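K.L.:
Quick note on numbering that gives the first Met the number 0: the sequence shown kicks off at 0 and runs consecutively.
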Amino acid sequence: MLSNQVNEFEKDHQADKYGAFWLKDGIGYWNQDDDVQIKMMESPSDSCQLEGFWNPNGKELQAKYTVAMSGLCIWSKYDCVFKFESRSKGNPGAERSLSSPKDRVDLLKRLSKGHKVEQITVSSDPFGLYQSKIIGWQSDTVCRFGVQKLYYALPIEEYRQTLNDLEKFLSKKWVGELSQMLKAHHEQLEEKIKSKISAEVEFIHPMQFDNTMTIEESYVWPYQNLDIDLGIEEMEEIRIPYQAMKLNSVVPPILLGMLGTPCPYYERRADQKETNFLRLFL
Numbered sequence: 000m001l002s003n004q005v006n007e008f009e010k011d012h013q014a015d016k017y018g019a020f021w022l023k024d025g026i027g028y029w030n031q032d033d034d035v036q037i038k039m040m041e042s043p044s045d046s047c048q049l050e051g052f053w054n055p056n057g058k059e060l061q062a063k064y065t066v067a068m069s070g071l072c073i074w075s076k077y078d079c080v081f082k083f084e085s086r087s088k089g090n091p092g093a094e095r096s097l098s099s100p101k102d103r104v105d106l107l108k109r110l111s112k113g114h115k116v117e118q119i120t121v122s123s124d125p126f127g128l129y130q131s132k133i134i135g136w137q138s139d140t141v142c143r144f145g146v147q148k149l150y151y152a153l154p155i156e157e158y159r160q161t162l163n164d165l166e167k168f169l170s171k172k173w174v175g176e177l178s179q180m181l182k183a184h185h186e187q188l189e190e191k192i193k194s195k196i197s198a199e200v201e202f203i204h205p206m207q208f209d210n211t212m213t214i215e216e217s218y219v220w221p222y223q224n225l226d227i228d229l230g231i232e233e234m235e236e237i238r239i240p241y242q243a244m245k246l247n248s249v250v251p252p253i254l255l256g257m258l259g260t261p262c263p264y265y266e267r268r269a270d271q272k273e274t275n276f277l278r279l280f281l
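1. What's the C-alpha gap between E50 and M68?
2. Looking only at DSSP bridge pairs, what is R159 linked to?
3. Within the same chain, show all residues whose beta-carbon is closer than 7 Å to that of K76, passing over the 5 residues directly before and after it, in chain order.
4. Could you give the distance in angstroms between the alpha-carbon of L255 and the alpha-carbon of G175?
5. If I measure Cβ to Cβ from Q207 and keep anything under 8 Å in the same chain, skipping five residues before and after, which residues do I get?
6. Which word fits L188, buried or exposed, when buried means at least 16 other C-beta atoms lie within 10 angstroms of its C-beta?
7. Residue ranges of each beta strand (DSSP E) run of no fewer than 3 residues wholly in the stretch 15-86, ordered along the chain?
8. For the putative contact between A183 and G70, defined by C-beta atoms under 8 Å, what is the C-beta separation to the nearest angstrom?
9. Under three-state DSSP, which class holds R283?
10. Pick helix, strand or coil for G175, following the three-state DSSP scheme.
11. In its own chain, which residues sit with a C-beta less than 6 Å from the C-beta of W220, not counting the 5 before and 5 after it?
12. Between L258, D102, L229, A14, which lies nearest to I133 when the distance is taken from Cα to Cα?
13. As a quick exercise: from Q13, I253, D33, pick the residue whose alpha carbon is nearest that of I237.
14. If you measure between the beta carbons of C47 and W136, is that distance less than 8 Å?
15. Under a Cβ-count criterion, where at least 16 other Cβ atoms within 10 Å of its own Cβ denotes burial, should R86 be classed as buried or exposed?
16. Counting only the same chain and skipping the five closest in sequence on each side, list residues whose C-beta sits under 8 Å from that of Y64.
17. Check K167 in the structure and name its three-state DSSP category.
18. Enumerate in chain order the residues of its own chain whose CB-to-CB distance from K195 is below 6 Å, with the five nearest sequence positions on each side excluded.
19. Near M40, what residues of its chain come up, given a Cβ to Cβ distance below 7 Å and the 5 sequence neighbours on each side ignored?
20. In whole angstroms, what separates the C-alpha of F81 from that of G57?
21. Looking at C-alpha atoms only, which residue of Y218, T120, K108, P154 is the closest neighbour of K167?
22. In this structure, does DSSP put L246 in helix, strand or coil?
23. Using beta-carbon positions only, say whether D15 and L22 come within less than 8 Å of one another.
24. Between which two residues does the beta strand (DSSP E) carrying V121 extend?
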């Protein structure tokens with residue numbers, strides 16, 4: 000998106016921001032590509048505020064779909080946070096999220112430069128507002144469109160790749176603790192998803208059969224290799240089928256959901272300072 004357009008939206012009190020999207024007059028404008036404009040409508044699901052189709056190939060939209068693709072991040076941005084020691088008097092230490100791709104890069108960069116982690120804060124359960132809303136919306140959408148099979152990306156190997164990198168800088172004890180928490184949260188989410196979604200759910204793990212994949216390649220893999228009629232994605236995840244399209248894959252219609260404003264993925268849990276968050280002090 001051109002910088003002057005961004006500035007216009009920032010000054011426009013009638014435009015709402017949702018992650019990388021600006022919403023105005025019922026249209027979602029993605030800040031990564033001016034041509035991506037999504038007509039948004041009220042969602043029939045109580046778990047989602049607005050939704051709309053991104054349909055780059057102009058396929059005729061159907062009332063029913065047989066096979067769909069969706070997914071979920073195990074942790075939202077503040078479910079696993081590394082806090083660094085302060086580098087100067089009066090300034091709090093930097094915080095970096097294990098879930099955020101941008102933060103992960105900077106986290107490893109800081110560690111490689113010798114910056115010290117003061118503490119790691121991890122949620123004791125994986126059922127924050129982001130996870131609850133997206134699973135609820137996915138369940139409602141599967142029922143609405145009569146989906147019979149749902150391919151589901153619940154990436155764990157991608158997190159483990161970062162944990163392996165962390166072993167260069169942190170003790171195996173702390174990395175092991177994180178790995179156990181990640182495994183437990185992954186299993187809890189799998190059970191919740193299977194219990195809530197009426198379709199046959201097949202969890203996919205591209206990195207299990209090709210460990211040379213990058214994290215981003217694993218995210219894009221389903222839209223390149225699976226026979227999918229419909230994508231069901233939270234709006235921020237448009238980047239995944241979009242990247243597949245840029246790599247010459249023919250992507251299906253993608254139903255994008257705006258779960259609520261502000262975007263739940265970027266919100267701290269209301270009880271984050273309470274005891275249901277575990278703190279690993281280093």
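Idealized CB from N, CA, C, for every residue including glycine. Keep in mind the model is a prediction, meaning the values are calculated, not measured.
P.N.:
Let me spell this out:
1. 16 Å
2. Paired residue(s): none; R159 is not in a bridge.
3. S96, S98, S99, Y264, Y265
4. 36 Å
5. E156
6. buried
7. 15-17, 20-23, 26-29, 36-38, 49-53, 66-70, 79-83
8. Not really, about 19 Å apart at Cβ, beyond 8 Å.
9. An answer regarding residue 283 cannot be provided, because it is not within the stretch 0 to 281 covered by the chain.
10. helix
11. P205
12. L258
13. I253
14. yes
15. exposed
16. F144, G145, V146, D228, L229
17. coil
18. I134, S138
19. L49, E50, G51
20. 43 Å
21. K108
22. coil
23. yes
24. 116-122
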